[in-house]
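Everything on this sheet refers to the single structure shown next.
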Amino acid sequence: AQSVTQLDSHVSVSEGTPVLLRCNYSSSYSPSLFWYVQHPNKGLQLLLKYTSAATLVKGINGFEAEFKKSETSFHLTKPSAHMSDAAEYFCVVSDSSSASKIIFGSGTRLSIRP
Amino acid sequence: NAGVMQNPRHLVRRRGQEARLRCSPMKGHSHVYWYRQLPEEGLKFMVYLQKENIIDESGMPKERFSAEFPKEGPSILRIQQVVRGDSAAYFCASSPPRAGGRSSYNEQFFGPGTRLTVL
Chain H
37 AQSVTQLDSH
47 VSVSEGTPVL
57 LRCNYSSSYS
67 PSLFWYVQHP
77 NKGLQLLLKY
87 TSAATLVKGI
97 NGFEAEFKKS
107 ETSFHLTKPS
117 AHMSDAAEYF
127 CVVSDSSSAS
137 KIIFGSGTRL
147 SIRP
Chain G
285 NAGVMQNPRH
295 LVRRRGQEAR
305 LRCSPMKGHS
315 HVYWYRQLPE
325 EGLKFMVYLQ
335 KENIIDESGM
345 PKERFSAEFP
355 KEGPSILRIQ
365 QVVRGDSAAY
375 FCASSPPRAG
385 GRSSYNEQFF
395 GPGTRLTVL
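Chains H and G, in that order, give the protein sequences.
Using the numbering used here, you'd call the opening residue of the first sequence number 37 and step up by one each time.
Using the numbering used here, you'd call the opening residue of the second sequence number 285 and step up by one each time.
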């Protein structure tokens, strides 16, 4: 069965410094992987997705993630944090065998210090 | 093109009452998904529907919960005889008809959610 683990429940960085949100996955098939962002009291927005093309995926708002099969990881990074990046981030996996169902990680809350 | 619409945004019910949550998918989308988010947790899949059909309800509680997506009108998630443990945010997502066959993934677009509080 597929699963996804977000290693940090809360990450705090200073504005202008790099962001790293960690995600490890487990899947018996070739996975599709996604990062979603949820701002307070808002719905979820897709940041980026990996679907077996390039392993380095660029998303919106300067975020990117790298798929590393050997490490079963899909960490989210951004070179320079902005105050507006403060939100909840979810790593998500979808198995190709059951594309109707996607599995969410427990989320990482990103705080930005001025 | 309006996004996924959910209403109401906030719903308060007393124990034992019924809750009805509505979801209007994006224009042209024929697939609807419902998720539940408990405080401090990620979203948990509940049910996947196409027009007039339930495709996958493996995440739905066996009792009191039901979902439909009629030929006309929004998708409805219905919770009968609500209990305090049903308090959560319920998100709906929609996706277009699957282009690449059963195994291809179609991006899901999420609504703003309905926050249900059971007193």
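Beta carbons are placed, not taken as given, at the ideal position from N, Cα and C, and that holds for glycine.
Check, Outcome
"The beta strand (DSSP E) enclosing H:H75, as first and last residue numbers", "Careful: H:H75 lies outside any beta strand (DSSP E) and carries neither H nor E."
"Reduced DSSP secondary structure (H/G/I, E/B, other) of H:M119", "helix"
"Within chain G, the residues that H:K114 reaches when beta carbons sit closer than 9 Å", "Within chain G, no residue comes near H:K114; the closest Cβ sits about 21 Å away, beyond 9 Å."
"Simplified DSSP state of H:S88, which is helix, strand or coil", "coil"
"Exposure label - G:L361; buried when at least 16 CB within 10 Å", "buried"
"H:R58 in three-state terms, based on DSSP", "coil"
"Beta-carbon neighbours of H:K78, restricted to chain G and to distances below 7 Å", "P396"
"Cβ distance (whole Å) where G:Q321 is taken to contact G:F375 below 8 Å", "6 Å"
"Reduced DSSP category for G:D340 - H, G, I as helix; E, B as strand; rest coil", "strand"
"DSSP state of G:R293 mapped onto helix, strand, coil", "coil"
"Status (buried if at least 16 other CB within 10 Å, exposed otherwise) for H:P67", "buried"
"Terminal residues of the beta strand (DSSP E) in which G:M330 lies", "327-334"
"DSSP three-state assignment for H:I96, whether helix, strand or coil", "helix"
"Beta-carbon proximity of H:N77 to H:S109, cut-off 8 Å", "no"
"Extent of the continuous beta strand (DSSP E) to which H:R149 belongs", "144-149"
"Nearest candidate by alpha-carbon position, reference G:W318, set G:E324, G:Q301, G:S308", "G:S308"
"Bridge-paired residues (DSSP) for G:S378", "G:V316, G:F393"
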